[in-house]
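**Q**
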Amino acid sequence: MVASQFSELLRRFRRQAGMTQEELEKRSGVSERTIRRLETGKRVNPQLETVRLLADALGLDPESRARLLAAAGGHTDDEMSSVQTGSATERRLAEAADDLAQAVAARWRREEELRRIMDPFPLPVQWHPAGAELTDHPENIDRVSPGGSAEPLELAGQLDEITGIYRRIRSGRLAVLGRAGSGKTILAVRFVQDLLKSRGTGAVPVVFSLGSWNPAATALRDWLTGQLVRDYPGLAATGPDGTTLAAALVQADRILPVLDGFDEIATGLHRAALEALNATPLPLVLTSRPTEYAAAVAGTDVLTAAAVVELTDLTVADLANYLPRTTRRTAWTPVLTHLHAQPDGPLAAVLRTPLMVGLARAVYSDTPGRDPVALLDTARFGTAEAIEDHLLGSFIPSVYRHQPGSRRWDPDRAQRWLSYLAQHLHRLGTRDLAWWQLGSTLRRWPRMVVVGLVAGVVFGFPAGFLALLIGWLGSGLVIGFVDMLRIGVMEGFAAGLAIGLLHGVAQVVGGAAFTPSRVRIRLRGGKRRSARFVRRLLVGLALGLALAAGLGIAGTLGIEFWILGRLGPGAGYGVLFGVLIGPLVGLVWGIMARLEAPIDIRTAVSPADLLNTNRANVVFQSSVLGVVCAAGFGIFAGFLHGPRYGLVNGLSYGLVLGFGVWLAMTLSLTAWGQWLALARIWLPLHGRLPWALIAFLDDACRRGVLRRAGAVYQFRHARLQDQLTAEVR
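Read in order, the letters of the sequence shown are residues 1 to 729 in the numbering used here.
1) Does P240 come out as helix, strand or coil in the three-state DSSP assignment?
2) Taking DSSP's pairing of strands, which residues face L323 in a bridge?
3) Just tell me which of S64, A17 and K26 has its CA closest to the CA of F6.
4) I'd like to know whether the C-beta atoms of R384 and A349 end up nearer to each other than 9 Å.
5) I'd like the span of the beta strand (DSSP E) that includes H424, first residue to last.
6) Indicate whether the contact test is met: 3 or more Cβ pairs, each with one atom in the stretch 407-427 and one in the stretch 447-463, closer than 8 Å.
7) Mind checking who Y713 pairs with in its DSSP beta bridge?
8) Check M80 in the structure and name its three-state DSSP category.
9) Starting from G172, follow its DSSP beta bridges and name the residues at the other end.
10) Just how far apart, CA to CA, sit G234 and T330?
11) Can you give me the C-alpha to C-alpha distance between L359 and P257, rounded to a whole angstrom?
12) Along the chain, where does the beta strand (DSSP E) that runs through A692 open and close?
13) If you run the structure through DSSP and keep just helix, strand and coil, what is L477?
14) Assign S419 to buried or exposed, taking buried as 16 or more other Cβ atoms, counted over all protein chains shown, within 10 Å of its Cβ.
15) How would you call E79, buried or exposed, if buried means at least 16 neighbouring beta carbons within 10 angstroms?
16) From the DSSP secondary-structure annotation, give me the bridge partner or partners of G157.
17) My understanding is that V309 touches A132, with C-beta atoms under 8 Å, so please give their C-beta distance in whole angstroms.
18) Measure the C-alpha to C-alpha separation of L685 and T225 and round it to an integer number of angstroms.
19) Give the C-beta separation of A72 and P46 to the nearest angstrom, bearing in mind that I take them to be a contact with Cβ-Cβ under 8 Å.
20) For the candidate residues W223, A150, R254 and D119, whose alpha-carbon lies nearest to that of P283?
21) For T337, write down the residues that DSSP places opposite it in a beta bridge.
22) Any contact of the stretch 315-332 with the stretch 173-182, i.e. 3+ C-beta pairs under 8 Å?
23) Under DSSP, the alpha helix (DSSP H) around T89 begins and ends at which residues?
24) Assuming F191 contacts L259 (C-beta within less than 8 Å), just tell me the rounded distance between them.
25) Can you list, in chain order, the residues of its chain whose CB lies under 7 Å from that of A216, leaving out five sequence neighbours each side?
26) Cα-Cα, which of V297, P290 and T291 is closest to A276?
27) To the nearest angstrom, how far is it from the Cα of A495 to the Cα of S668?
28) For R716, which residues of its own chain have a beta-carbon under 7 Å away from its beta-carbon, when the five flanking residues on both sides are left out?
29) Could you spell out the range, first to last residue, of the alpha helix (DSSP H) harbouring I387?
30) Need the endpoints of the alpha helix (DSSP H) that T201 sits in, please.
31) Can the beta-carbon of A279 be found closer than 9 Å to that of A203?
32) Whether or not the stretch 681-701 and the stretch 435-444 are in contact is what I'm after, with contact meaning three or more pairs of Cβ atoms, one per stretch, closer than 8 Å; do they touch?
33) Taking the alpha-carbon positions, what's the T40 to P411 distance?
34) Roughly how many angstroms lie between the CA atoms of A760 and V449, to the nearest whole one?
35) Would you mind giving the Cβ-Cβ distance between Y134 and V302, rounded to the nearest angstrom? I have them listed as a contact below 8 Å.
36) Go ahead and label T244 buried or exposed: buried means 16 or more other beta carbons lie within 10 angstroms of its beta carbon, across all protein chains shown.
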């Protein structure tokens, strides 16, 4: 009720003052995004300093000011004046941190629902202190001054105690060890959720999948910044110090990194990673398998000032409490009887980790007609390895059975597609499945051929059809159907050649995969975009000149030779066209930089969200460039041949060239264009991926095969990814 009253008052006072939200931003220093959220009630409990700044900017009289303060939480102006105002930088970072905290909490709430962690209740995850050889001195952990002493902390606990135990660690550094599937990620997610509930104004805990970090190439803080921008695009906005908000938050220690998967760092880099972590006193939580962590410690040193705990195995009593409640049947009774009788047998050894228990539940409790008594067949499952292989191998066929209300996928095809994705990640050496990297494992020349082929086919048919309707370049030449095909083939070849080569050059300059943009298009652009405008102008000028000249020369010479049997003035037209259109392309592309605004920080961007945003951006920008090129060529032809003859026909052919520029910018220079050519056309044609790829990936998340980790997907379990990778070899 109070939040609604505050929203109404703020909106009313702003309108009475005759201000827009943008004008109020300029006068108060409070961001337009925050003002909009306060007025719509999307942000509750505004900070006292924020309310005071808004009241000052609106010039409220004492009575109105008191009403606004009361609606914000009942504070008087005297109370407001006692609040430390802080600098504008601190206020901006505090707002960004609050926004990020909301996004992180929302993301992991959804993930817990998808993973069914609370259904019917969380499996018990418990731990005990790790060995002394893996842990730093108690004095370092407790930050005791030289000459002082400290007793080892009591670290044993269970899942709902993790936040309280962490707060007792004065250094703020904790390492959690556990074998594969022991619940390390579950613990990390629960830690983040619990800490956010009582965060106050402290650092925001954020989970980072550590497997993509190369400590030999990227400093820790730089890597953290890049991951934040990838998963929370709103943090790409310019911060108060001129860098991104992500960089400012990391440098100000407003991020608490929860580094999940130290063991998944590339082989040979664990020691360098541990040394890099020791080079900074940054509070953090680290998870790892014991073997990789112990090897890194043996090669360099323990994690400085870090307490270390190790997860314990599930007990038969834990299984007896959990498994029967996952189904209404009594099918688990014989299995539990066997486990009580043979607590050290192969089956008991397998079902000691939450991963294997979750797989067993999916295969037997959640699949009608499956009886877990089959696990007692010692002829088939005489060893722990055989049981694990069975559960891993049965998981995908089980979850891809038909479910009412869900899309039907053939289990064999789904397995093949998932195996290809696992192999793709293996080649890249990462656990992060990014849609813009699909197809990037193809070698450069095949990728250029694919992009050029797609461009040629898409461009050639419209070019030939337009020639059939209006004649070539307004020459009055009658074009037949066969000539239309020849024109289409030649134009397609010219466009495909130019676009394929341009894509190859872009690969050399920018790498195998292009990074998607983290902006949205809006009519009112943001601030401080002059530098981006200049860069876009220069890059767009160079690319526009090269592309337009290449298309003009190749297309015009080729058409005249094939149709007329001779070479005409096409080369000169192509060069002039390039000189005219190139600056226009650079100018328009630079101007469009001022239409780009960061995505809302609170938006927890999923892979599909980022894909849709990039598609909208690319279509808008490329379409504008195409229209500019079409109009430019029409004007150019009108000057050369007169308005009656050249303008009409020039505009007609300009549409084709404008479409060519659209294709070139899209397929050659954008992440969405590469996705379109490779992941949506080429790979499905070869049966490696489904045509409805995003629908398939999102459905795999709902079935528990994949998970969303910010802007990328990951296999829910590294063991499952490794199993699928092995199937392809």
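Backbone N, C-alpha and C fix where the C-beta goes; we use that ideal spot for every residue, glycine too. The structure displayed is predicted, hence computed values, not measured ones.
**A** Let's see:
1) It is coil, neither helix nor strand.
2) Its beta-bridge partners do not exist; DSSP assigns none.
3) It is S64 whose Cα lies nearest to the Cα of F6.
4) Sequence inspection shows Ala at residue 384; the Arg mentioned does not correspond to that position. Yes, the Cβ-Cβ distance between A384 and A349 is below 9 Å.
5) From DSSP, H424 is part of no beta strand (DSSP E) but of the alpha helix (DSSP H) over P411 to L428.
6) Touching, no, given that fewer than three Cβ pairs across the two stretches are closer than 8 Å.
7) Looking at the DSSP assignment, Y713 forms a beta bridge with L433 and R708.
8) At M80, the pLDDT of 41 sits below 50, so the modelled position is not reliable and the matter cannot be decided from this model.
9) Beta-bridge pairing links G172 to no other residue.
10) About 50 Å.
11) Rounded to whole angstroms, L359 and P257 show a C-alpha spacing of 29 Å.
12) Where A692 is concerned, there is no enclosing beta strand (DSSP E), given that its DSSP letter is neither H nor E.
13) Interpretation of L477 is limited by its pLDDT of 49, a score under 50 that renders its predicted location unreliable; no figure is taken from the coordinates.
14) Buried.
15) With a pLDDT of only 40 at E79, under 50, the local geometry of the prediction cannot be trusted, and no value is derived from it.
16) G157 is bridged by DSSP to W127.
17) Incorrect: roughly 13 Å between the Cβ atoms, too far for contact.
18) Note on geometry: alpha-carbon atoms of L685 and T225 lie some 37 Å from one another.
19) Their Cβ separation, rounded to whole angstroms, is 5 Å, which keeps A72 and P46 in contact under 8 Å.
20) Relative to the Cα of P283, the nearest Cα in the group W223, A150, R254 and D119 belongs to R254.
21) DSSP, once it has assigned bridges, lists no residue as partnering T337.
22) Touching, no.
23) For T89, the enclosing alpha helix (DSSP H) begins and ends at A88 to R115.
24) Between F191 and L259, the beta carbon gap of about 12 Å keeps them out of contact (Cβ cut-off 8 Å).
25) Same-chain partners within the cutoff: L269 and A272.
26) Taking only the C-alpha atoms, the option nearest A276 is V297.
27) Going from the Cα of A495 to the Cα of S668 covers about 12 Å.
28) Hits under 7 Å: G704, V705, L706 and R707.
29) A384 to V399 is the span of the alpha helix (DSSP H), which, as asked, contains I387.
30) Taken as a continuous stretch (DSSP letters only), T201 belongs to no alpha helix (DSSP H), as it is neither H nor E.
31) In this structure, A279 lies away from A203, with their beta-carbon atoms at least 9 Å apart.
32) With a cut-off of 8 Å, the stretch 681-701 and the stretch 435-444 count as touching, because enough Cβ pairs lie within range.
33) Here the C-alpha atom of T40 lies approximately 46 Å from the C-alpha atom of P411.
34) Given that the chain is displayed from residue 1 to residue 729, the structure contains no residue 760 and the question cannot be resolved.
35) Checking the sequence shown, residue 134 turns out to be Leu, not Tyr. The Cβ separation is near 6 Å, so the contact holds.
36) So T244 ends up on the buried side.
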